[in-house]
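Engineer: Provided herewith is a single structure, encoded as structure tokens, for subsequent inquiry.
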Ligand SMILES: [Zn+2]
Ligand SMILES: [Zn+2]
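Numbering (the working numbering), first residue to last: 5 to 339.
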């Protein structure tokens with residue numbers, strides 16, 4: 005992207021379609037618009053110009069449309085998360101498959117180590133990974149002017165290097181020199197890149213602080229967040245549905261029975277209008293047994309269901325929902 009294009013994109017992102025001079029090619033709600041892009045998680049965008057550049061996204065990426073989406077979504081939930089999640093999940097599954105295949109390839113092509121040596125090799129790899137991450141982080145902090153923080157991290161890197169030297173020695177002593185010389189590869193569990201046991205700290209830092217690896221961390225984190233959000237939304241919808249239907253659920257009617265019981269006690273203590281009370285009580289008793297049989301029906305409905313049953317039940321349901329409606333009103337006037 006040229007500097008001018010970048011500027012225009014930034015402007016569009018700030019303003020949305022109404023004020024930016026770059027009119028959107030499409031409305032954000034159009035199916036041709038990339039929903040992962042709207043939610044800042046399109047792999048094509050995030051892995052752009054990395055070793056794993058997967059080319060241009062087939063769907064539309066439009067910054068003005070994205071700004072429109074953000075505005076609209078703030079006012080009323082557009083609910084695009086699950087769409088973005090499914091697309092992102094498919095991509096991540098693909099990568100996970102690639103990681104598995106790469107691991108299998110390594111098992112087939114690399115000389116097998118004894119368990120004991122394998123443990124030692126993994127130790128070197130693990131410490132190398134820590135060094136790479138820490139070093140990348142120290143450089144980042146330094147670049148942002150947090151000199152003290154950066155120096156503290158470099159001290160930790162020095163300690164880790166010492167640990168790594170010992171681990172390497174241990175590994176080297178467990179095999180003939182010629183075998184030790186061979187590069188022992190491992191697959192990065194995040195981004196599928198190959199990491200060598202003899203990779204130096206610089207290369208490790210470039211990997212763990214690099215755009216590809218960090219991009220994959222971002223995509224994986226985003227997927228986890230989207231999964232959590234969609235799940236929470238689905239759960240919320242389920243609860244709402246339940247509540248709408250809920251007047252027939254056993255828990256709810258138990259509770260309203262208790263409420264009615266309490267109301268009756270309260271009124272009896274007051275001692276007035278006894279005749280009315282008795283009438284209410286009888287009515288309540290009738291409605292209680294009604295709600296009990298309704299619960300039985302509910303249970304039956306849940307446990308087994310032939311199509312005839314469900315037809316009959318739906319007839320019953322519409323009948324009980326009528327009585328429920330009038331009961332609801334009585335309950336309200338009682339309070
Ligand atoms: Zn896209
Ligand atoms: Zn990686």
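Where is the CB? At the ideal position from N, CA and C, for every residue including glycine.
Taking 7 angstroms as the limit, name every residue whose beta carbon sits nearer than that to some heavy atom of ligand 1, in sequence order.
Structural biologist: Selection output, chain order preserved: 38, 40, 41, 46, 48, 49, 61, 63 and 65.
Engineer: Can you find a heavy atom of ligand 2 that lies under 6 angstroms from the Cβ of residue 197?
Structural biologist: To locate residue 197, count along the chain shown from 1; it is residue 193. Yes, since a heavy atom of ligand 2 falls inside the 6 angstroms radius drawn around the Cβ of residue 197.
Engineer: Closest to residue 126 by C-alpha separation, out of 112, 168, 139 and 159, would be which residue?
Structural biologist: Numbered from its first residue, the chain shown carries residue 126 at position 122. It is 168 whose Cα lies nearest to the Cα of residue 126.
Engineer: When every heavy atom of ligand 2 is checked, does at least one fall within less than 6 angstroms of the C-beta of residue 135?
Structural biologist: Start at 1 with the first residue of the chain shown, and residue 135 comes out as number 131. Outside the cutoff, so no.
Engineer: Quick check: what's the CA-CA separation for residue 48 versus residue 58?
Structural biologist: To locate residue 48, count along the chain shown from 1; it is residue 44. To locate residue 58, count along the chain shown from 1; it is residue 54. Approximately 6 angstroms between the Cα atoms of the pair.
Engineer: Which value, in whole angstroms, describes the spacing of the CA atoms of residue 158 and residue 147?
Structural biologist: Taking the chain shown and counting its residues from 1, the one referred to as residue 158 is at position 154. Taking the chain shown and counting its residues from 1, the one referred to as residue 147 is at position 143. Cα to Cα, the separation comes out at about 14 angstroms.
Engineer: Determine the closest residue to residue 113 out of 186, 245 and 34, with distance taken between C-alpha atoms.
Structural biologist: Against the chain shown, residue 113 aligns to sequence position 109. When each option's Cα is compared against that of residue 113, the closest is 186.
Engineer: Rounding to the nearest angstrom, what Cα-Cα distance links residue 296 and residue 250 in this structure?
Structural biologist: Taking the chain shown and counting its residues from 1, one reaches residue 296 at position 292. Taking the chain shown and counting its residues from 1, one reaches residue 250 at position 246. Confidence at residue 296 is low in this model, with a pLDDT of 45, below 50, so the placement of that residue is unreliable and no value is reported for it.
Engineer: Looking at residue 50 and residue 223, is the spacing between their C-beta atoms short of 7 angstroms?
Structural biologist: As a working note, residue 223 is residue 219 in the chain shown. As a working note, residue 50 is residue 46 in the chain shown. Closer than 7 angstroms, so yes.
Engineer: In the DSSP output, which residue or residues are listed as bridge partners for residue 198?
Structural biologist: Within the chain shown, numbered from 1, the residue matching residue 198 stands at position 194. According to DSSP, which records beta bridges pairwise, residue 198 is partnered with 191.
Engineer: List the residues that DSSP assigns as beta-bridge partners of residue 64.
Structural biologist: Here the question's residue 64 lines up with position 60 in the chain shown. Looking at the DSSP assignment, residue 64 forms a beta bridge with 37.
Engineer: Assign residue 155 to one of two classes, buried (16 or more other C-beta atoms within 10 Å of its C-beta) or exposed (fewer than that).
Structural biologist: Reading the chain shown from its first residue, position 151 is the one you call residue 155. The residue is exposed, with fewer than 16 neighbouring Cβ atoms inside 10 Å.
Engineer: Does DSSP classify residue 2 as helix, strand or coil?
Structural biologist: Not covered by the structure: residue 2. The range shown for the chain is 5 to 339.
Engineer: Within 10 Å of its beta-carbon, does residue 14 have 16 or more other beta-carbons around it, so buried, or fewer, so exposed?
Structural biologist: Counted from its first residue, the chain shown places residue 14 at position 10. Classification for residue 14: exposed.
Engineer: Counting beta carbon pairs with one atom in the stretch 91 to 101 and one in the stretch 165 to 181, are three or more of them shorter than 8 angstroms?
Structural biologist: Flag = no, the stretch 165 to 181 and the stretch 91 to 101 do not touch.
Engineer: Considering just the uninterrupted stretch of the alpha helix (DSSP H) at residue 185, what are its terminal residues?
Structural biologist: The sequence position of residue 185 within the chain shown is 181, counting from 1. Its alpha helix (DSSP H) spans residues 181 to 185.
Engineer: Would you kindly check if the distance between the Cβ of residue 195 and the Cβ of residue 212 is under 7 angstroms?
Structural biologist: For the purposes of this step, residue 212 is taken as the residue at position 208 of the chain shown. For the purposes of this step, residue 195 is taken as the residue at position 191 of the chain shown. Not a contact, by the Cβ cut-off of 7 angstroms.
Engineer: State the DSSP-derived secondary structure class of residue 114, mapped to helix, strand or coil.
Structural biologist: Translated into positions along the chain shown, residue 114 becomes position 110. Coil.
Engineer: Is any heavy atom of ligand 2 found at a distance shorter than 6 angstroms from the C-beta of residue 194?
Structural biologist: Translated into positions along the chain shown, residue 194 becomes position 190. Yes; taking the cut-off as 6 angstroms, the Cβ of residue 194 has a heavy atom of ligand 2 nearer than that.
Engineer: Regarding residue 217 and ligand 2, is the C-beta to nearest heavy atom distance less than 6 angstroms?
Structural biologist: Translated into the one-based positions of the chain shown, residue 217 becomes position 213. Under cutoff, so the answer is yes.
Engineer: Starting from residue 51 and walking both ways along the alpha helix (DSSP H), at which residues does that stretch end?
Structural biologist: Translated into positions along the chain shown, residue 51 becomes position 47. Taken as a continuous stretch (DSSP letters only), residue 51 belongs to no alpha helix (DSSP H), as it is neither H nor E.
Engineer: Is there contact here, the stretch 201 to 216 with the stretch 126 to 140, by at least three beta-carbon pairs under 8 angstroms?
Structural biologist: Yes, the stretch 201 to 216 is in contact with the stretch 126 to 140.
Engineer: With a cut-off of 7 angstroms, does the C-beta of residue 31 fall near any C-beta of chain B?
Structural biologist: The structure shown has no chain B; it contains just one protein chain.
Engineer: Who are the Cβ neighbours of residue 31 in its own chain at under 6 angstroms, not counting the five residues just before and after it?
Structural biologist: Locating residue 31 in the chain shown gives position 27, where the first residue counts as 1. Result list for residue 31: empty, nothing under 6 angstroms.
Engineer: From the DSSP output, in three-state form, read off residue 32 for me.
Structural biologist: Walking along the chain shown from the start, residue 32 turns up at place 28. Three-state DSSP puts residue 32 in coil, outside helix and strand.
Engineer: Helix, strand or coil for residue 71? Go by DSSP, reduced to three states.
Structural biologist: The residue you call residue 71 lines up with position 67 of the chain shown. The answer is helix: DSSP assigns residue 71 an H, G or I state.
Engineer: May I ask you to verify whether the stretch 76 to 90 touches the stretch 34 to 43, counting CB pairs closer than 8 angstroms and requiring at least 3?
Structural biologist: These segments touch.
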